[in-house]
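S.K.:
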Amino acid sequence: MYSRRKIVLLLALGGAAALLVSIATVLIKITTHVERFSAETSAMAYLEILSDTQHFYSRDIVGPASHNGVNVSRDFSNHDNAIPFPATFMHGLTESLSQQYDTKNFRFFSRYPFFERPMSGPQDLFEEDALSFFEENPDQDMFSRLDDIDGEPVMRNAMALRMAESCVGCHNSHEESPKKDWMLGDLRGVQAVSEEISFFSAWSVAHGATWLFILCGILVLLVAAVVIAVVLLAWRHIDLSDAHAHIETLAWQDTICDLANRRALVSMIEAELKETTPKPFAIFMMDLVNFKTINDVHGHSGGDDVLRIVGKRLQELPYQDTTVARIGGDEFALLKRGTRDSEEIEKLAKSIVEIIEQPITLNGRRVHTGTSVGIALAPKHGRTARDLLDNADMAMYHAKATAGCQWSYFSANLRESALRAERLSEEIREGIARGQFVVYYQPQFSLTDGRIFGLEALVRWQHPREGLLLPGAFLSIAEERGLIVALSEVVIRQSIQDILRWRGGGLAVPRIAINIHQDQINDRNHLRWVERCYKDSAVDSGHLTFEITEGCILGRGNHHVPDLLQQWRDRGYGVSLDDFGTGFASLSHLKNLPVSEFKIDRSFIEDLLDDPPDRAIVDGLVKLSAELGTTLIAEGVETLEQAVMLRMMGAPYAQGYLFARPLPPARTDRLIEEKGVAVMHDRQAKAA
Ligand code: C2E
Ligand code: CA
Ligand code: CA
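Going by the working numbering, the first residue of the sequence shown is number 179, and it counts up by one from there.
(1) Report, in whole angstroms, the separation of the C-beta atoms of V502 and I538, which I expect to be a contact under 8 Å.
(2) Ends of the beta strand (DSSP E) at E465?
(3) Can L806 and A821 be called in contact, C-beta distance under 9 Å?
(4) Would a C-beta distance cut-off of 9 Å place L451 and A563 closer than the cut-off?
(5) Using 8 Å as the cut-off, classify the Cβ of L648 as near or not near the heavy atoms of ligand 1, replying yes or no.
(6) May I ask you to report which of helix, strand or coil DSSP gives Q622?
(7) I need the straight-line Cα distance from D701 to K470, nearest angstrom please.
(8) Return the chain-ordered list of same chain residues with a C-beta closer than 6 Å to the C-beta of K853, the five sequence neighbours on each side being excluded.
(9) May I ask whether a heavy atom of ligand 1 can be found less than 8 Å away from the beta carbon of I692?
(10) Could you pull out every residue in the same chain whose Cβ sits closer than 8 Å to the Cβ of T547, ignoring the five residues on either side in sequence?
(11) What beta strand (DSSP E) runs, 3 residues minimum, are completely inside the stretch 238-281?
(12) Does the stretch 811-820 come close enough to the stretch 829-847 that 3 or more CB-CB pairs lie under 8 Å?
(13) Whose C-alpha, out of C711, M827 and D420, is nearest the C-alpha of G921?
(14) Which first and last residues belong to the alpha helix (DSSP H) in which N591 is found?
(15) Going straight from the alpha carbon of K864 to that of N569, what length do you get?
(16) Determine the extent of the alpha helix (DSSP H) in which P791 is found, giving its start and end residues.
(17) What did DSSP end up calling V401 once you bin it into helix, strand or coil?
(18) Report the rounded CA-to-CA distance for R825 versus P642, giving the unit in angstroms.
(19) So which of Q318, M333 and P316 has the shortest CA-CA distance to L324?
(20) If you drop the 5 nearest sequence neighbours on each side, which residues of the same chain put their C-beta closer than 8 Å to that of D860?
(21) How far does the alpha helix (DSSP H) with V822 in it extend, from its first residue to its last?
(22) What are the start and end residues of each continuous alpha helix (DSSP H) run of 4 or more residues lying completely inside the stretch 651-683, in chain order?
(23) From E657, S589, E644 and D571, pick the residue whose C-alpha is nearest to that of S603; which is it?
(24) On the DSSP bridge list, what partners appear for F631?
(25) Within the structure, which residues are defined as neighbours of ligand 3 by a Cβ-heavy atom distance below 6 Å, reported in chain order?
(26) Does the Cβ of L818 have 16 or more other Cβ atoms within 10 Å, making it buried, or fewer, making it exposed?
(27) Give me the Cα-Cα distance between P296 and F263, rounded to the nearest whole angstrom.
(28) What first and last residue would you give for the alpha helix (DSSP H) that runs through S766?
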């Protein structure tokens, strides 16, 4: 992902390096240029030194020497006791200097060439021009020009050597002088220095330095701007394409578990279906038990960890040709290619259940989850990816809803009932919105004085077409479709209204028993909402009992429930263990549970008269609850005989059709007025 940025960086570095090289080159060029100027100046210096040398030689060597009888001659080398003319001396000096420098050429020339010095006349156009210039301009002593010699630029400087006062006499009198009418200021000769210079310097010299600097500056700026623009554009391009790639990944991958997501799974299934000779394959669908609670208790990061661990375990299953996908919140799917062998499929389903059930450790705490697996086989259960996934989903719901069922195949019946359930769940949603759900109250009586002890709130649906429906007709679908909490909120709101109405009408308010479902227990926000509702409407917690079943306490992932019950008890609410005896709570477990009440399940009461073991159990429970100081209510009392028997056993309270069916609120009002409310129960007395 970052390699392209590396490439851009390398390119930019390369560009920057090239830029540096070019700047360096320019600097070198400028240096050359500067050198050139200094060379020019040094040329002047050379010329001045040469001219000083000549003066020195004429005045201090030649002058005194001739006074002393030394012969000054152009042919000095052939004479003893002779020294050269200054011009000859200078000519010799410049020739010797020129030999010492590779790039400099010193010249000494004149219109009157020196004795036996073939090169002492003007040798080229420059020298001609210099001579002419000095002849025509007696007040000028310097002449410079950029010249071209054999295609190479050469900087040439010349200086006029004119007759000084000290020279004229000697030149006009000496027999070897080329002429005798020398005047002051006459041009005797020229000394010159030429130096090769580079094209660049030559050019800059020719055009003036300012342009060069401006041009260099513009060039550098242009190159820098281009490099920066290229880098920025490349960067932006990479950003965009990275973002694009990231979106692509997000679109195909589940970012939490690094598994395929639903879209990817669908395209894999489609690819399988499109094969020219499609092979059979199976889709396993599963979600996690209690995932919401795990999220609530361990936070979302804990939840994510659980998802990752489950994803990893699924991937590590030892089956060939499988793909694991996370296709929704806590929903996983597994695609097993090339199988229709039911034994293998079922073995895989069992393995899935087993590995998901294995405890997970989160921050040192053990977390339990579980799953039910729905299986759809291709092509038998669907010819499109969508159908196959929907059908596996349906099978999963069926497995979940069927007690003791860990996995289930899809079947056509499931579709039928799923469609029915779908319609029904839609109707339930609508019913909740339209206020079709109401609360009925079934009174609980004291067997000692026949007065009302409590009222159990039971939900009813006033269905627009089917009339009054009991929970059996809709509760399981509401549960399956996650509508329990919404439904419970209706019940709690209405029970509060009724309590306030009874209170406002001066009626004694019996304690109200509210059925609390597992889904409510798992929803902390909902629980907080419930308490706030009661608090806001100033309903005394002592007037409320929450009924829960053993399943809520013993179920997987319900370790937090005893604490919750204790909190309720601490705040004054009653806690009743509903359908008691049908679950598997051990007696020792019960002893430690913070419940204030047991409700003996209807099944024990039904056979109370005919079934001695049931009678013994009920008898035992009566004694046990007396012992533990908890309330005991016998549910489903339908006959007088049952009531009499219970009373004989010492059971304090009973609820059942014998006394009253669940009643609408208006009729409950009348019943309260008629029967009166029993003396406050121990718990309430204690709480008061
Ligand atoms: P449950 O909590 O065990 O409620 C008692 C059920 O037994 C009620 O059925 C009641 O009408 C029925 N019943 C009472 N006396 C007799 C009797 O003498 N003979 C027989 N055969 N039945 C009797 P209902 O109202 O149909 O409710 C069924 C279940 O639905 C309840 O069982 C409870 O688990 C659930 N339920 C009802 N209302 C709510 C609610 O508001 N919230 C929740 N979470 N569950 C509710
Ligand atoms: Ca109940
Ligand atoms: Ca019950």
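Even for Gly, the Cβ is constructed at its ideal location relative to N, Cα and C.
M.R.: Let me lay it out:
(1) 17 Å between Cβ atoms; not a contact.
(2) The sequence shown places Asp at residue 465, rather than the Glu named in the question. From DSSP, the beta strand (DSSP E) with D465 extends over F459 to L466.
(3) no
(4) yes
(5) yes
(6) strand
(7) 8 Å
(8) R629 and I630
(9) yes
(10) L466, V467, N468, F469, I472, V484, V488, I534, E535, I538, R734 and G735
(11) 249-251 and 260-262
(12) yes
(13) This structure gives no information on residue 921, because the portion of the chain shown stretches from 179 to 866.
(14) A590 to A611
(15) With a pLDDT of only 40 at K864, under 50, the local geometry of the prediction cannot be trusted, and the value read off the model is given with reservation. Cα to Cα, the separation comes out at about 55 Å.
(16) P790 to L806
(17) helix
(18) 42 Å
(19) M333
(20) Confidence is the limiting factor: at D860 the pLDDT is only 45, short of 50, which leaves the residue's position unreliable and the question unanswerable from this model.
(21) L818 to M827
(22) 653-658 and 662-682
(23) E657
(24) Partner(s): none; F631 has no beta bridge.
(25) D756, D757, K777 and E813
(26) exposed
(27) 16 Å
(28) L765 to N770
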